[in-house]
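Peer 1:
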Amino acid sequence: MSLNFPHPLMASVVELALKAGEAILPFWRTGTAVTAKSDDSPVTAADLAAHHVIVDGLTALDPSIPILSEEDANIPQSVRAGWQRWWLVDPLDGTKEFISGSEEFTVNIALIEQGRVVFGVVSMPTNGRFYVGGAGLGAWRGDQGATPLPIQVREVPAAGEAFTVVASRRHSSPEQERLLAGLSASLGELQLANFGSSLKFCMLAEGAADCYPRLAPTSQWDTAAAQGVLEGAGGEVLDLSGAPFCYPARESLLNEFFLALPAKAAWREKLLELARG
Numbered sequence: 001m002s003l004n005f006p007h008p009l010m011a012s013v014v015e016l017a018l019k020a021g022e023a024i025l026p027f028w029r030t031g032t033a034v035t036a037k038s039d040d041s042p043v044t045a046a047d048l049a050a051h052h053v054i055v056d057g058l059t060a061l062d063p064s065i066p067i068l069s070e071e072d073a074n075i076p077q078s079v080r081a082g083w084q085r086w087w088l089v090d091p092l093d094g095t096k097e098f099i100s101g102s103e104e105f106t107v108n109i110a111l112i113e114q115g116r117v118v119f120g121v122v123s124m125p126t127n128g129r130f131y132v133g134g135a136g137l138g139a140w141r142g143d144q145g146a147t148p149l150p151i152q153v154r155e156v157p158a159a160g161e162a163f164t165v166v167a168s169r170r171h172s173s174p175e176q177e178r179l180l181a182g183l184s185a186s187l188g189e190l191q192l193a194n195f196g197s198s199l200k201f202c203m204l205a206e207g208a209a210d211c212y213p214r215l216a217p218t219s220q221w222d223t224a225a226a227q228g229v230l231e232g233a234g235g236e237v238l239d240l241s242g243a244p245f246c247y248p249a250r251e252s253l254l255n256e257f258f259l260a261l262p263a264k265a266a267w268r269e270k271l272l273e274l275a276r277g
C-alpha cells in the first residue's frame with residue numbers, strides 16, 4: 001500500500017499501528033489471561049505486546065520524542081511538564097471489547113506538540129482498516145490493499161436520516177443522559193449509535209454520525225489520536241467552556257468532559273448550553 005500524507009511521520013506511524021494490530025490478533029478470542037492494573041482496569045498480554053511494538057517503532061523513528069503509553073504511564077508530572085513534543089499512545093483501546101470478543105477495539109497513536117494534537121492514527125486490528133488525520137492536514141480512511149480515501153464530517157444529516165449521536169457501549173452518566181434528552185427536545189428524535197473505543201470519533205470524521213458528547217470519564221490516551229482524525233476531517237473537540245480540547249501535562253491523566261462535533265455545526269452553541277446545564 002502506497003501511503004502519501006502531508007506530515008513526514010504519518011505514513012510510518014500508520015504502518016506501525018497496523019504492525020501493532022498484528023501483534024494483538026494472536027490473543028483475540030483465545031481466552032487470553034486478564035490481570036488488573038492499580039486502577040482496576042483490565043490489561044492483557046495483547047495490550048503489552050502492542051505496547052512493545054509501538055515503543056520500539058516510535059523510538060526507531062525518532063529517539064528524541066518521549067512516549068506516554070497507557071502501559072507505561074507512571075512518568076512524573078515534573079518530567080512530562082518539560083516535554084514540548086511527545087507521543088500519546090493507547091496500544092489497545094477498548095480492552096473490555098477485546099476481552100468480550102468484539103471487533104470494536106483499536107490501536108491509537110497521536111503526536112502532541114505544546115498540548116495540542118498534531119495528528120493521530122487509529123487502526124482496527126481485526127480488519128486492517130485505519131484512520132489518520134490532523135488539524136490543517138486532512139483526514140483519510142484506509143483499507144488493506146486499497147488507496148486511502150479522504151473523509152469529512154457532515155454538517156447536517158442526509159435527507160431522511162436522523163440526527164445521530166454516538167455513545168459509549170459501556171459508559172454513560174446522569175449528565176450525559178440529561179444532555180441527550182435536551183438534544184432530542186431541540187433537534188427531534190435522535191438515533192443513538194453505540195461503538196466501543198475511539199471508533200466513536202471516527203464515525204463522526206467519516207460523516208456517519210453527527211455528535212459525540214462525553215460527560216463521563218476518559219483518559220488522555222483514549223481520545224488524542226481520534227481527535228486528530230476528527231479535526232483533520234473538519235470536526236472539533238471542545239471542553240465545556242467551548243475551548244479547544246488539549247492535553248496539558250497535568251498531574252492527573254484523566255480528561256475533562258468534552259464534546260466532539262463538526263466545526264461548522266449550526267447547533268454548536270445549543271450543545272454547549274445543554275452540556276453546561
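Take the sequence shown: its position 32, counted from the start at 1, is 32 in the numbering used here, and no numbers get skipped.
Idealized CB from N, CA, C, for every residue including glycine.
(1) Report back the beta-carbon spacing between S219 and E70 to the nearest angstrom; my notes put them in contact at under 8 Å.
(2) What does a CB cutoff of less than 7 Å around L137 pick up in its chain, not counting 5 residues either side in sequence?
(3) Hey, would you say L16 sits closer than 7 Å to D47, going by beta carbons?
(4) Buried or exposed: L254, going by 16 or more other Cβ atoms within 10 Å of its Cβ?
(5) For V153 versus C202, is the C-beta spacing smaller than 7 Å?
(6) Report the residue ranges of all alpha helix (DSSP H) runs contained in full by the stretch 179 to 219; include only those spanning at least 4 residues, in chain order.
(7) Answer yes if the stretch 52 to 62 comes into contact with the stretch 16 to 35, meaning at least three C-beta pairs across the two stretches below 8 Å, and no otherwise.
(8) Please list the terminal residues of the continuous alpha helix (DSSP H) segment that includes F98.
(9) Tell whether a beta-carbon distance below 7 Å holds between L215 and S173.
(10) Identify, in the order they occur along the chain, each residue of the same chain with its Cβ nearer than 7 Å to the Cβ of F245, setting aside the five sequence neighbours on each side.
(11) Can you name, in chain order, every residue of its own chain whose Cβ lies under 8 Å from the Cβ of A11, other than the five neighbours on each side?
(12) So what does T44 bridge to, in DSSP terms?
(13) Let me know if V79 comes out buried or exposed under the rule of 16 or more other beta-carbons within 10 Å of its beta-carbon.
(14) On a Cα-Cα basis, can you pick out the residue from C211, Y247, G82 that is closest to D222?
(15) Can you tell me where the beta strand (DSSP E) with G138 in it begins and where it stops?
(16) With a cut-off of 8 Å on the beta carbons, I'd call A284 and A205 a contact; round off their distance for me.
(17) Using only CA atoms, which one of P157, G207, Y212 lies nearest to K200?
(18) On the CB-based measure, 16 or more other CB atoms within 10 Å of its CB, does V89 come out buried or exposed?
(19) Could you tell me the distance, in whole angstroms, from the CA atom of E256 to the CA atom of P76?
Peer 2: Result, derived from the coordinates:
(1) 7 Å
(2) P6, H7, F119, G232
(3) no
(4) exposed
(5) no
(6) 199 to 205
(7) yes
(8) 95 to 100
(9) yes
(10) Q227, V237, L238, D239, F258
(11) L3, N4, F5
(12) V34
(13) exposed
(14) Y247
(15) 138 to 142
(16) Residue numbering for the chain in the displayed model covers 1 to 277; residue 284 lies beyond these limits and cannot be assessed.
(17) Y212
(18) buried
(19) 20 Å
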